[in-house]
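Participant: Below is a structure I'd like to ask you about.
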Amino acid sequence: MKKVILGIFILVLVIILIILGYNYWQAQKSVTGTRTEVALTGVEWFQAGNTQDINKLQTKKSEELEDNKMGGLWDLKTPDHYGESPKQFVHDINELGTKRIRVIIDEGDWHDVDWDKEEYSHFYIQDHTEKVINGLADKGLKILCGLVFWDPEGPSFKEEEEQDYSRFK
Numbered sequence: 001m002k003k004v005i006l007g008i009f010i011l012v013l014v015i016i017l018i019i020l021g022y023n024y025w026q027a028q029k030s031v032t033g034t035r036t037e038v039a040l041t042g043v044e045w046f047q048a049g050n051t052q053d054i055n056k057l058q059t060k061k062s063e064e065l066e067d068n069k070m071g072g073l074w075d076l077k078t079p080d081h082y083g084e085s086p087k088q089f090v091h092d093i094n095e096l097g098t099k100r101i102r103v104i105i106d107e108g109d110w111h112d113v114d115w116d117k118e119e120y121s122h123f124y125i126q127d128h129t130e131k132v133i134n135g136l137a138d139k140g141l142k143i144l145c146g147l148v149f150w151d152p153e154g155p156s157f158k159e160e161e162e163q164d165y166s167r168f169k
């Protein structure tokens, strides 16, 4: 008999807990409304829990700023390297809000050099490179142009006079 009473007591307790849990769940649902949670991507996580409008940061273009000493480095070997037309490339850099840029007119890293080709380094400025540099200057960016000379034999300066030249004395 004790086992039957204990079983009925546990059954009633479980039913009460189910009813209370369901009522609590319904109350929470009505408080939060029908808002569904969405996985946040990108920078939206920073605004998680914000019930106000989410605004993106409004940046200024390079041409609108004083010198902020911010910049970057780009390799201008070919238009394919930066994937856009010179005009589009200048536009994209201007949108970043940087005031300084370093550009390299040949391959910037030794592992990018195609050593099977006869010409490792250009001794002239290509048309697309000139358009990019002029466009960046027109936007008011300070340009540092890195001149890179690749030699598969390594440094060829052997005599003292040549070494002085290589040190820009």
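Under full-length UniProt numbering, think of the first position of the sequence shown as 1, with each following residue one higher. Beta carbons are placed, not taken as given, at the ideal position from N, Cα and C, and that holds for glycine.
Excluding sequence positions up to five away, which residues of its chain have a Cβ less than 8 Å from the Cβ of K169?
Facilitator: Model confidence at K169 stands at a pLDDT of 41, short of 50, so the residue's coordinates are unreliable; what they give is reported in the following sentence. Counting only Cβ-Cβ distances below 8 Å, and skipping sequence neighbours, we find nothing.
Participant: Relative to the C-alpha of T59, which residue among Q126, G7, N94 and D112 is closest?
Facilitator: When the alpha-carbon of T59 is set against those of Q126, G7, N94 and D112, the nearest one is in N94.
Participant: Compute the Euclidean distance between the alpha carbons of R49 and L57, then round it to the nearest angstrom.
Facilitator: Residue identity check: residue 49 is Gly in the sequence provided, not Arg. Rounded to the nearest angstrom, the two C-alpha atoms are 18 Å apart.
Participant: Between which two residues does the alpha helix (DSSP H) carrying V148 extend?
Facilitator: Note, V148: premise wrong, no alpha helix (DSSP H); not H, not E.
Participant: For A137, which option in D112, E159, K87 and L13 has the closest C-alpha, if you only look at C-alpha atoms?
Facilitator: K87
Participant: Residues bridged to L141 by DSSP?
Facilitator: Per DSSP, none; premise fails for L141.
Participant: What whole-angstrom Cβ distance do I105 and L141 have, given they're in contact under 8 Å?
Facilitator: Actually they are not in contact, since the Cβ atoms of I105 and L141 sit about 16 Å apart, beyond 8 Å.
Participant: Once the 5 residues before and after W74 are set aside, which same chain residues still bring their CB inside 6 Å of it?
Facilitator: V103
Participant: Hey, would you say the C-beta of I5 is under 7 Å away from at least one heavy atom of the ligand ADP?
Facilitator: Among the components modelled here there is no ligand, and therefore nothing to report on the ligand ADP.
Participant: Rounded C-beta distance between M70 and T51? I'm assuming under 8 Å.
Facilitator: Taking 8 Å as the upper bound for CB-CB distance, M70 and T51 are not in contact here, some 34 Å apart.
Participant: At a Cβ threshold of 8 Å, is K60 touching chain B?
Facilitator: You won't find chain B in this structure, because it holds only one protein chain.
Participant: For L76 versus T129, is the C-beta spacing smaller than 8 Å?
Facilitator: yes
Participant: From N134 to V113, what does the alpha carbon distance come to, in whole angstroms?
Facilitator: Near 26 Å, if we compare the C-alpha coordinates of V113 and N134.
Participant: Based on the DSSP secondary-structure assignment, which residues constitute the bridge partners of G72?
Facilitator: I101
Participant: If you follow the alpha helix (DSSP H) that N94 is part of, which residue opens it and which one closes it?
Facilitator: P86 to L96
Participant: Who are the near neighbours of I125 in its chain, counting only those whose CB is closer than 7 Å to its CB and skipping five residues on each side?
Facilitator: Closer than 7 Å at Cβ, skipping near neighbours: I105.
Participant: Find out if the Cβ-Cβ distance for the pair V90, K158 is shorter than 8 Å.
Facilitator: no
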